[in-house]
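J.:
Residue numbers (my numbering): 9 to 678.
(1) Quick check: residue 117 and residue 123, are their CB atoms within less than 7 Å of each other?
(2) Between residue 245 and the rest of its own chain, which residues show a CB-CB distance below 7 Å, the 5 nearest in sequence each way excluded?
(3) Return the chain-ordered list of same chain residues with a C-beta closer than 8 Å to the C-beta of residue 488, the five sequence neighbours on each side being excluded.
(4) So residue 457 is in the beta strand (DSSP E); what residue range does that whole segment cover?
(5) Between residue 254 and residue 447, what straight-line distance do the alpha-carbon atoms span, to the nearest angstrom?
(6) Assign residue 640 to one of two classes, buried (16 or more other C-beta atoms within 10 Å of its C-beta) or exposed (fewer than that).
(7) If you check the beta carbons only, do residue 191 and residue 618 fall under 7 Å apart?
(8) Sorted by chain position, which residues of the same chain lie with C-beta nearer than 6 Å to residue 237's C-beta, five sequence neighbours on each side aside?
(9) Is DSSP giving residue 151 helix, strand or coil here?
(10) Measure the alpha-carbon distance for residue 30 versus residue 563 and round it to whole angstroms.
(11) Does the separation of the CB atoms of residue 165 and residue 228 fall below 7 Å?
(12) Measure the alpha-carbon distance for residue 421 versus residue 652 and round it to whole angstroms.
(13) Under the rule that 16 or more other beta-carbon atoms within 10 Å means buried, what is residue 149, buried or exposed?
(14) I need the straight-line Cα distance from residue 468 to residue 526, nearest angstrom please.
(15) How would you label residue 380, buried or exposed, when you count the other beta carbons within 10 angstroms and need 16 or more for buried?
(16) At 3 residues or longer, what runs of the beta strand (DSSP E) sit wholly inside the region 78-136?
(17) Could you tell me which uninterrupted beta strand (DSSP E) segments, each at least 3 residues in length, are contained entirely in the region 548-601, listed from first to last along the chain?
(18) From the DSSP output, read off the bridge partner residues of residue 474.
(19) Rounded to the nearest angstrom, what separates residue 671 and residue 656 at their Cα positions?
(20) Taking residue 55 as the reference, give the member of 266, 152 and 277 with the closest Cα.
(21) Just to confirm before moving on: does the CB-CB distance between residue 580 and residue 569 stay below 7 Å?
(22) Rounded to whole angstroms, what's the CA-CA distance from residue 94 to residue 210? Just pull it up for me.
(23) Whole angstroms are fine: how far does the CA of residue 431 sit from the CA of residue 304?
(24) Using a 10 Å radius around the Cβ and a threshold of 16 neighbouring Cβ atoms, would you call residue 566 buried or exposed?
(25) Using the rule of at least 16 other Cβ atoms within 10 Å of the residue's Cβ for burial, across every protein chain shown, is residue 506 buried or exposed?
(26) Could you name the residues that DSSP lists as bridge partners for residue 253?
(27) Along the chain, where does the alpha helix (DSSP H) containing residue 190 start, and where does it finish?
(28) Roughly how many angstroms separate the alpha carbons of residue 590 and residue 167, rounded to a whole number?
(29) Between residue 614 and residue 638, which are expected to be in contact by the criterion C-beta below 8 Å, what is the C-beta distance as a whole number of angstroms?
(30) Look at residue 516 and residue 582 and say whether their C-beta atoms are less than 7 Å apart.
(31) Shortest alpha-carbon distance to residue 272 belongs to which of 538, 662 and 156?
(32) Just checking my contact of residue 207 with residue 85 at CB under 8 Å: how many whole Å lie between their CB atoms?
(33) Could you check the C-alpha separation between residue 661 and residue 673 for me, to the nearest Å?
(34) Does the beta carbon of residue 187 come closer than 7 Å to any beta carbon on chain C?
(35) Can you grab the Cα-Cα spacing for the pair residue 676 / residue 178, in whole Å?
(36) List the residues that DSSP assigns as beta-bridge partners of residue 483.
In structure tokens:
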């Protein structure tokens, strides 16, 4: 049977009525919620990759600004080069004589207890000192053996060349993979990155080679692939003794690393500690205007060629602005994460030109020796033929490279005020530097209400915490909302059971108005826990952490709550259990106007590892342990009072003791 439009005319009003009554057309004002952590991290990384604040600087302006940028880079690495350094002590263990060059085997002590095995290839037959090329090893076991063809070829071309073990894959094995596969996310709180140790070792190697008569320290180059490629960028950026650099497969833009999740295959050494939110272009700028050759394969799993082209173009423009057009170049090769004859010979030609003044095309240069029978064995190149020094710190260098400060001694109020300023200044400029420069409009909206559930009803308010994030504050009015009353904001835990937070609130805020907040990573604004490993690493590369994002959400919720009906803006408290105590503490500290902080079973320190899967509650804040630790925060909160439900963890007694020394109240036990 054919139906005409006319035959349906009776149905239209009925359909409208059905739709109006349908639960899918609600007056509850539910709204689309973006709240995608992966999109957020990609957009954050894309903003950093797009922003190159140095792009338009002139040579004279860059000369003035470079020292501060260099200082920031060294701070990212965790050490300073301002103090004078003596050459490291060296112990030679043998020599291998080859045709036209010799290989010296030795180890040097780069810092007390850290010994670095090395092979120095020294060309023979010349009366003049030889230009030097450091070859920085990548992530390959038996590094001095695996990469030996490169320093060997350099020696045949007339260069002295040093190759030394990294912490991870040398004759003594240490650790590069902290957050990557051991759950050592507390490295972020320490401000520790294994790249810093490798950079320090390279600098100390140069300090030693500078006293060798056979070495021409006016003509020093550096090269390496993968992890050695990244280290090439770092060393050239840090040390002005490097005249020319040729990194291979060692850098990419953050938007590519995070948006394409290439970061998931990367060692933790491949991006420095990043409180200043740099991209690799910013690191490359520190090399300018010195000669720089970037080599990159076009099917690399770790670095997209489009990414490399993008930051090469930015650096090329920057070099041109400095009057060094043509001093930075890109060599593209086919294939995956590896060398190609084209890149190797281009690098040899590059060093011949810039360190020896010889113009020899890559096509005129033969490739490295690829016949393993012609190369030396691990036994022949081994430095520790009689074993490593007994006090070698290589396996535990992550616990010794940076010195964490002891707890400060507070004797009076002035001491406490000075500590408060020191800590909060650092937190705002480093740990929480990724907070938005301008807060988003709240665009607050009441999205649910009922007269049930509390003596004066319950309302849920939605608000924008940060662009892309809509959060909810669920307020239970136990006091008349027509009058201003205190409010306790309770942070929900990730993965908590139903009624856990409500049971907590009954113990700490009976009879008071209570609001429940889910910050990023919890409840409706959470995600599958197996994403945590990626999120925690990706966040750190962009200059933030999961807890820092959560602290920002809590800060915004406190600010938003001050304008809600029935809330006394001077009497807002924040409460949390377990790991969320971190979020509550730092939110209260940065807000500065909370009435009370209420804690139950908070962690005592940021310096705690996670399980390897990273699915536990995150406790890391970038570099925070350089200035403070979690147990010290309650002492810095005055006039905010701190209460504990249950036992006060032992280390928090430092805060109570310090408060009393400053003439203030201690903790309240509930």
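Idealized CB from N, CA, C, for every residue including glycine.
T.: Straight from the coordinates:
(1) yes
(2) 81, 291, 294 and 295
(3) 464 and 574
(4) 453-458
(5) 42 Å
(6) buried
(7) yes
(8) 255, 256, 257 and 258
(9) helix
(10) A caution first: residue 30 carries a pLDDT of 33, below 50, which makes its placement in the model too unreliable to give a value.
(11) no
(12) 23 Å
(13) exposed
(14) 12 Å
(15) exposed
(16) 98-106, 109-119 and 122-131
(17) 575-585
(18) 477
(19) 20 Å
(20) 266
(21) yes
(22) 14 Å
(23) 42 Å
(24) buried
(25) exposed
(26) 230 and 300
(27) From DSSP, residue 190 is part of no alpha helix (DSSP H); its letter is neither H nor E.
(28) 54 Å
(29) 6 Å
(30) no
(31) 538
(32) 6 Å
(33) 13 Å
(34) Structure shown: chain C not included; a single protein chain is present.
(35) 53 Å
(36) 467 and 523
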